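Protein chains: 4
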Amino acid sequence: MAWSPDGKRIASASGVEGEGDYTVQVWDASTGKTLLTYTGHTEAVHAVAWSPDGSRIASASQDRTVQVWSVG
Amino acid sequence: MAWSPDGKRIASASGVEGEGDYTVQVWDASTGKTLLTYTGHTEAVHAVAWSPDGSRIASASQDRTVQVWSVG
Amino acid sequence: MAWSPDGKRIASASGVEGEGDYTVQVWDASTGKTLLTYTGHTEAVHAVAWSPDGSRIASASQDRTVQVWSVG
Amino acid sequence: MAWSPDGKRIASASGVEGEGDYTVQVWDASTGKTLLTYTGHTEAVHAVAWSPDGSRIASASQDRTVQVWSVG
Chain A
7 MAWSPDGKRI
17 ASASGVEGEG
27 DYTVQVWDAS
37 TGKTLLTYTG
47 HTEAVHAVAW
57 SPDGSRIASA
67 SQDRTVQVWS
77 VG
Chain B
7 MAWSPDGKRI
17 ASASGVEGEG
27 DYTVQVWDAS
37 TGKTLLTYTG
47 HTEAVHAVAW
57 SPDGSRIASA
67 SQDRTVQVWS
77 VG
Chain C
7 MAWSPDGKRI
17 ASASGVEGEG
27 DYTVQVWDAS
37 TGKTLLTYTG
47 HTEAVHAVAW
57 SPDGSRIASA
67 SQDRTVQVWS
77 VG
Chain D
7 MAWSPDGKRI
17 ASASGVEGEG
27 DYTVQVWDAS
37 TGKTLLTYTG
47 HTEAVHAVAW
57 SPDGSRIASA
67 SQDRTVQVWS
77 VG
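Residue numbers (the numbering used here), protein chains in the order written: chain A, 7 to 78; chain B, 7 to 78; chain C, 7 to 78; chain D, 7 to 78.
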């Protein structure tokens with residue numbers, strides 16, 4: 007889980023190993039509403055991190071890939 | 007565990023999976039005294055993070071929720 | 007996994023305990039291409055961190071060593 | 007593992023659950039020499055973090071305590 011640099015959004019990984027549904031979600035920190043849901047990893051995501059300028063999110067997974075997502 | 011941006015407080019998660027008592031605590035870093043105890047998660051809390059301005063704490067739990075707490 | 011302070015590169019650890027191939031890789035965040043691969047740890051790497059000025063990476067491993075790498 | 011804010015030192019936890027020897031060590035990032043070894047936790051240390059001004063280290067342990075150490 008990680009706050010965006012501006013403190014307005016939170017990125018978190020969800021999905022439990024062996025159950026599928028491996029996503030990264032971006033939430034509005036004020037309202038608790040989900041703003042974006044990223045899919046693409048085939049195994050559990052164990053870390054998410056915002057780029058310093060808040061424009062992208064990197065996610066690292068047990069599937070041995072690191073993916074970079076643009077946050078609109 | 008995470009320092010507040012001003013270096014005065016520390017947030018940490020406690021509680022052991024299967025034993026309940028899942029809380030997030032905020033400590034005074036100088037005195038070691040507990041300032042605040044947040045409850046609400048129903049399973050182990052695996053990450054805590056301060057918002058960049060130090061006004062809120064986000065906690066991510068095995069209960070698959072992310073909660074945002076105001077720090078008075 | 008960690009972004010470089012300038013947001014241009016990402017460092018991540020790979021290798022699965024018991025399978026060998028314990029490396030730290032540095033990726034170009036824009037292209038997804040691997041820029042550097044560091045070897046040297048003899049067991050799984052569980053954390054990587056950029057120095058504040060982005061010139062070095064520290065990696066901590068189950069082999070009980072912390073290694074510091076220069077990033078050219 | 008964590009870099010000091012000035013990029014000169016690295017703090018890391020060592021010790022394996024069930025084997026004792028739970029310490030936090032501070033290393034000189036240039037020479038790799040151990041500068042300080044802190045003891046005090048009775049179970050594995052799972053996180054270390056520098057205070058924003060680099061004067062203290064907090065360590066969180068399976069022994070359910072968070073300890074704050076002054077770095078001289």
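All C-beta atoms in this analysis are idealised placements derived from N, C-alpha and C, irrespective of residue type, glycine included. Just so we're clear, the structure is a prediction, and the values are computed from it rather than from any experiment.
Original post:
Which of helix, strand or coil does DSSP assign to D:His52?
Top reply: strand
Can D:Ser57 and B:Trp9 be called in contact, C-beta distance under 8 Å? yes
Starting from A:Arg62, follow its DSSP beta bridges and name the residues at the other end. A:Ser76
Could you check whether the Cβ of A:Asp59 sits closer than 8 Å to any Cβ belonging to chain C? yes
Since B:Val51 contacts B:Ala19 with CB under 8 Å, what's their CB separation in whole angstroms? 4 Å
Discussion item. Can you list, in chain order, the residues of its chain with a C-beta nearer than 8 Å to that of A:Asp12? Leave out the 5 residues immediately preceding and following it.
Written reply: The beta carbon of A:Asp12 lies closer than 8 Å to those of Gly60 in the same chain, with the five residues before and after it left out.
Where C:Thr45 and C:Ser67 are concerned, what is the direct C-alpha to C-alpha distance, given to the nearest angstrom?
12 Å
Can you confirm whether A:Val30, when its beta carbon is compared against all beta carbons of chain C, has any partner nearer than 8 Å?
No, A:Val30 does not count as interfacial toward chain C.
Next on the checklist: Helix, strand or coil for B:Arg15? Go by DSSP, reduced to three states.
Outcome noted: strand
Checklist entry - Taking 8 Å as the CB-CB limit, is B:Trp56 close to chain D? => result By this cut-off, B:Trp56 is not an interface position.
- Sorted by chain position, which residues of the same chain lie with C-beta nearer than 8 Å to D:Glu14's C-beta, five sequence neighbours on each side aside? Before going on, a small fix: residue 14 of chain D reads as Lys here, not Glu. Taken in chain order, the residues that qualify are Asp34, Ala35 and Ser36.
Chain D contacts made by the stretch 7-25 of chain C, where a contact means CB separation under 8 Å: Listed by position, the residues of the stretch 7-25 of chain C near chain D (Cβ gap below 8 Å) amount to none.
Proximity to B:Val74 [Cα-Cα], best of A:Gly38, A:Asp27 and A:Tyr28
A:Gly38
*Flag D:Ala66 as yes if its beta-carbon sits less than 8 Å from any beta-carbon of chain B, otherwise no.*
Taking a beta-carbon distance threshold of 8 Å, D:Ala66 counts as an interface residue toward chain B.
Requested in this report: Flag B:Gly46 as yes when its Cβ comes closer than 7 Å to any non-hydrogen atom of the ligand GTP, and as no otherwise.
Outcome: Looking for the ligand GTP in the displayed structure turns up nothing, as the structure carries no ligands at all.
Would you report the Cα separation of B:Leu41 and B:Val77, rounded to the nearest angstrom? Near 10 Å, if we compare the C-alpha coordinates of B:Val77 and B:Leu41.
Problem - Length of the line joining the Cα atoms of C:Thr29 and C:Val54 - result: 11 Å
(Q) Nearest by alpha-carbon distance to B:Glu25: which of B:Arg62, B:Val32 and B:Glu49 is it? (A) B:Glu49
Taking the alpha-carbon positions, what's the D:Ile63 to A:Asp69 distance?
34 Å
| task | Closer than 7 Å by beta-carbon distance: list the chain D residues that pair up with B:Trp33, in chain order. | result | Val72
**Item:** D:Ser57 (DSSP reduced to helix, strand or coil)
**Value:** Three-state DSSP puts D:Ser57 in coil, outside helix and strand.
List the DSSP bridge partners of C:Tyr44.
C:Val30
Query raised in the report: Can you find a C-beta in chain A that's less than 8 Å from the C-beta of B:Gly50?
Result: Checking the sequence shown, residue 50 of chain B turns out to be Ala, not Gly. Interface criterion not met: the Cβ of B:Ala50 is under 8 Å from no Cβ in chain A.
Item to check | Cutoff 6 Å; reference C:Val32; Cβ partners in own chain excluding five residues on either side | outcome: Taken in chain order, the residues that qualify are Arg15, Ala17, Leu41 and Leu42.
What does a CB cutoff of less than 6 Å around D:Asp27 pick up in its chain, not counting 5 residues either side in sequence? Here the set comprises Gly21.
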